[in-house]
Amino acid sequence: IELILQSKQNGERLIDRVSVLQHTKLDMRNVLGPTFKYKLEAFEDDLKEKIKDIPEENLQVPPVKIAGPVLEALRYAYDEEELREMYEEMLAKAMDNRKVHQVHRSYVDAVKQMEPLDAQVLRRIYDYNEVTTSHVRLYKSGSQQYYLNAMPYHYNDILCDLGDPFQISASISNLIRLGLLISTAGFLKEGVAERIEKEPYIQERFGIYNQLQGGVTISVPVGCEIISLDSYGRYFVDVCMSKKKLGSNTD
83 IELILQSKQN GERLIDRVSV LQHTKLDMRN VLGPTFKYKL EAFEDDLKEK IKDIPEENLQ
143 VPPVKIAGPV LEALRYAYDE EELREMYEEM LAKAMDNRKV HQVHRSYVDA VKQMEPLDAQ
203 VLRRIYDYNE VTTSHVRLYK SGSQQYYLNA MPYHYNDILC DLGDPFQISA SISNLIRLGL
263 LISTAGFLKE GVAERIEKEP YIQERFGIYN QLQGGVTISV PVGCEIISLD SYGRYFVDVC
323 MSKKKLGSNT D
């Protein structure tokens, strides 16, 4: 009898899990439409993977206030992996009754205003806890005038592998605007400015302007900005970004 009851309970749990998935899949189909069949199948596979470790008793149909905006936003971002991942992570958290309270509806609007590079920059800064950015300038020799477009506003070489430093600087500004990053004034430690001046990207930009304009000097101010995440930004990362893609700072 115990075996029969256990089998019945397992069957009911399986039905419950399938029901939740089917309900969410139907919502996604209504948003994407029949022409997005392959995306619907991929979405179902992604979601199954993300909720596989949620205990049956904690699995739930996601609240409409979260599922509706997420699924609608997915329609326009599905082909961009970084953004799709964040929406799917939000949806998976909303399907767990232990974590659904962590999913703030404003996160959907934040992702809508992000580019894939923004997500990469945010993840990198989260992994480092904070990043110091310098306002490097190229001056005309013997003058107080500097070239406005010679260097990105926010510069740190540990971000340069993510893409164009100018785009990375714009990403930082956008993430600050969205409230996911904060900036505080700081000062470079002794000797750091000299090291920054010799970095390959700085020397490359210096070489370009020195060849075009002649008589250019590099200035690395001692003042800098310390870029970090406040509690809102950290909650956003915890909810919207896969732990598999985060670095060591995931506790």
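One rule links them: number in our numbering = place in the sequence shown (from 1) + 82.
For each residue, glycine too, the CB sits at the ideal point set by N, CA and C.
Just so we're clear, the structure is a prediction, and the values are computed from it rather than from any experiment.
Please name the residue, chosen from the options, that lies closest to residue i on a Cα-to-Cα basis.
{"i": "residue 187", "options": "148, 202 and 156", "result": "148"}
{"i": "residue 270", "options": "136, 324, 124 and 306", "result": "306"}
{"i": "residue 151", "options": "143, 189, 246 and 323", "result": "189"}
{"i": "residue 255", "options": "138, 246, 273 and 236", "result": "236"}
{"i": "residue 192", "options": "243, 125, 217 and 253", "result": "253"}
{"i": "residue 272", "options": "159, 158, 304 and 245", "result": "304"}
{"i": "residue 161", "options": "125, 232 and 231", "result": "125"}
How would you write the range of the beta strand (DSSP E) that residue i sits in, first residue to last?
{"i": "residue 219", "result": "219–222"}
{"i": "residue 213", "result": "212–215"}
What does a CB cutoff of less than 7 Å around residue i pick up in its chain, not counting 5 residues either side in sequence?
{"i": "residue 170", "result": "128, 129 and 132"}
{"i": "residue 229", "result": "220 and 291"}
{"i": "residue 164", "result": "198, 201 and 202"}
{"i": "residue 279", "result": "300 and 302"}
{"i": "residue 312", "result": "264"}
{"i": "residue 167", "result": "324"}
{"i": "residue 217", "result": "235 and 303"}
{"i": "residue 239", "result": "281 and 283"}
Near residue i, which residues of its chain fall below 6 Å by C-beta distance, leaving aside the five closest residues on each side in sequence?
{"i": "residue 261", "result": "314"}
{"i": "residue 308", "result": "212, 214, 266 and 268"}
{"i": "residue 319", "result": "208"}
{"i": "residue 174", "result": "132 and 133"}
{"i": "residue 243", "result": "none"}
What first and last residue would you give for the alpha helix (DSSP H) that runs through residue i?
{"i": "residue 315", "result": "313–322"}
{"i": "residue 162", "result": "Per DSSP, residue 162 belongs to no alpha helix (DSSP H) and is neither H nor E."}
{"i": "residue 191", "result": "188–194"}
Among the residues of its own chain, which have a CB less than 8 Å from the CB of residue i, if the five just before and after it don't count?
{"i": "residue 145", "result": "176 and 182"}
{"i": "residue 248", "result": "234"}
{"i": "residue 178", "result": "133, 136, 140, 141 and 142"}
{"i": "residue 92", "result": "Note on residue 92: pLDDT 44, under 50, position unreliable in the model; no value is reported."}
{"i": "residue 288", "result": "220, 298 and 300"}
{"i": "residue 87", "result": "Confidence at residue 87 is low in this model, with a pLDDT of 32, below 50, so the placement of that residue should be treated as unreliable; the coordinate-derived value is given next. Cβ within range, chain order: n/a, list empty."}
List in chain order: all unbroken beta strand (DSSP E) runs of 3+ residues lying wholly within the segment 254–319.
-> 264–269, 298–301 and 305–310
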